[in-house]
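2 protein chains.
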Amino acid sequence: MKIYLAGPDVFLPDSIEIGRRKQEICASHHVSGLYPLDNVIDRAAADVSLRIFKGNEAMMDAADAIIANLTPFRGPGADPGTVYELGYMAGRGKLCLGYSNDPSLYVERVRRCGAVVERDGRLIDADGLTVENFGLGDNLMMIHALDLYGSALVTPRETPADIWHDLTAFEACVRAAAARLPAAPASG
Amino acid sequence: MKIYLAGPDVFLPDSIEIGRRKQEICASHHVSGLYPLDNVIDRAAADVSLRIFKGNEAMMDAADAIIANLTPFRGPGADPGTVYELGYMAGRGKLCLGYSNDPSLYVERVRRCGAVVERDGRLIDADGLTVENFGLGDNLMMIHALDLYGSALVTPRETPADIWHDLTAFEACVRAAAARLPAAPASG
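See below:
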């Protein structure tokens, strides 16, 4: 049983090491973690980004589930690349799990980025755009995809000291996936 | 032939009017635009966000294609809710089109948000995370999904005066979709 490990973890300076730690946690729960950086890509090729896309997609197609790291990335919401992959896996009918190491509500994080005011019963940001205010951790499409196709977004009670390296919430997702999927010997 | 009209347009103060304009453009190209706000949702219900999710998903399942508005939203990247929908439609094997009214490269927009420096041959942001630098308009997953499953991201030559209301790039997507899909009378 294979789980695609999606997230902006691939952008960390120690991205290979964090992938290895995630795969060890998977193995300890008798599942196999597929990590994007394990794809062998010729980084000198002219079409390197297309090769990365195809490698990631092939890994997703080979996986039974996704665990998406939805920790806010360069703004109040999750990394769009990761969110694309969550949507893709939902569309393919795969098991969808996700976590965020930031337990705050989406609306709280938009407030931190700038003024949010109430107008005509709606919360609006500085550009006049409505701020989703459903008491959720991020955009409703991701949150409810997890609710319906896997299990609810996992968040810690408090933001961990190292938001990019703490894997407690990740491990909770692995545990939930392992309990949902048929057991098989871990291979990765 | 039905096209799901995804985008942060639903957060605009005149979100209903912009949806109506998008649907008119679709009709003029003999295709039917499905706009999320056309779902009838009881906004007083306790589970309103789940109802919105289910309504949007049913619309996507009924559609042959998606046109995603990937104009940067609350940060350097596209709206994660819209990106989820693009991923979902790609996963379902539907025709995928998208546009952004900001023609700049992703790396340029990250620079605008804060310092980007080069270290060990990588561009990194203020948090030490790698900045994708493939000469693309946004994260490679979305960009290449469009390349492979529809047509390349449409952007204007210059940012239009009204980034949220200019529908020139949107209409180019409609034209491309209409040329790719079997003709049928527009119904919406």
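Line order of the protein sequences matches chains A and B.
Residue numbers 1 to 188, in my numbering, belong to the letters of the first sequence in order.
Residue numbers 189 to 376, in my numbering, belong to the letters of the second sequence in order.
For each residue, glycine too, the CB sits at the ideal point set by N, CA and C.
Inter-residue distance for W164(A) and E108(A) is about 20 Å (C-alpha atoms, whole angstroms). Rounded to whole angstroms, the separation of the alpha carbons of P13(A) and D226(B) is 45 Å.
Among the CB atoms of chain B, none fall inside 8 Å of the CB of F170(A). A Cβ-Cβ contact shorter than 8 Å links L129(A) with F199(B).
CA-to-CA, the gap between E158(A) and P196(B) works out to about 30 Å.
From the beta-carbon of E273(B), the residues of chain A found nearer than 8 Å are G87, M141.
In this structure the stretch 116-128 of chain A does not touch the stretch 27-46 of chain A; the number of beta carbon pairs closer than 8 Å is below three. For the stretch 255-267 of chain B, the set of residues with a beta-carbon nearer than 9 Å to any beta-carbon of chain A comprises L258, F261, R262, G263, P264, G265, A266, D267, in chain order. Looking at N327(B), D230(B), S216(B), the one whose alpha-carbon comes closest to that of P80(A) is N327(B).
Chain-order list of chain B residues neighbouring H165(A): empty, with the shortest C-beta distance near 12 Å, by a criterion of under 8 Å.
Residues of the stretch 1-31 of chain A whose Cβ lies closer than 9 Å to any Cβ of chain B, in chain order: P8, V10, F11, L12, P13, S15. Beta-bridge annotation (DSSP): Y287(B) is paired with N257(B), V342(B). Exposed is the label assigned to D127(A), since fewer than 16 other Cβ atoms lie within 10 Å of its Cβ. The three-state reading of DSSP puts V295(B) in helix, counting H, G and I together.
The beta-bridge partner set that DSSP reports for Y4(A) consists of L34(A), I66(A). Between I16(A) and K22(A), the alpha-carbon positions lie close to 10 Å from each other. With respect to P182(A), M1(A) sits close: the two C-beta atoms are nearer than 8 Å.
Taking a beta-carbon distance threshold of 8 Å, C173(A) does not count as an interface residue toward chain B.
Counting along the chain, the unbroken alpha helix (DSSP H) around I206(B) starts and ends at 203-216. Bridge pairing for E245(B): absent [DSSP].
Using a Cβ-Cβ cut-off of 9 Å, I52(A) is close to F322, L328, M329, H332 of chain B, given in chain order. Annotation for V83(A): the continuous alpha helix (DSSP H) segment containing it runs 80-91. Around V110(A), the beta-carbon contacts reaching into chain B at under 9 Å are R262. By the rule that beta-carbons nearer than 8 Å mark a contact, C113(A) touches chain B.
The Cβ atoms of P264(B) and V298(B) sit closer than 8 Å to each other. The beta carbon of N289(B) sits no closer than 8 Å to any beta carbon of chain A. Note that the C-beta distance between T71(A) and P103(A) is not below 8 Å. According to the DSSP assignment, I229(B) belongs to no alpha helix (DSSP H), since it is labelled neither H nor E.
Chain-ordered, the chain A residues with CB closer than 8 Å to the CB of V236(B) read F134. For I312(B), there is no enclosing alpha helix (DSSP H); the residue is found in the beta strand (DSSP E) stretching over 310-312. Within its own chain, the residues whose Cβ lies closer than 7 Å to the Cβ of L146(A), once the five positions on either side in sequence are excluded, are C96, L97, G98, A152, L153, listed in chain order. At a cut-off of 8 Å between beta-carbon atoms, N227(B) makes no contact with chain A.
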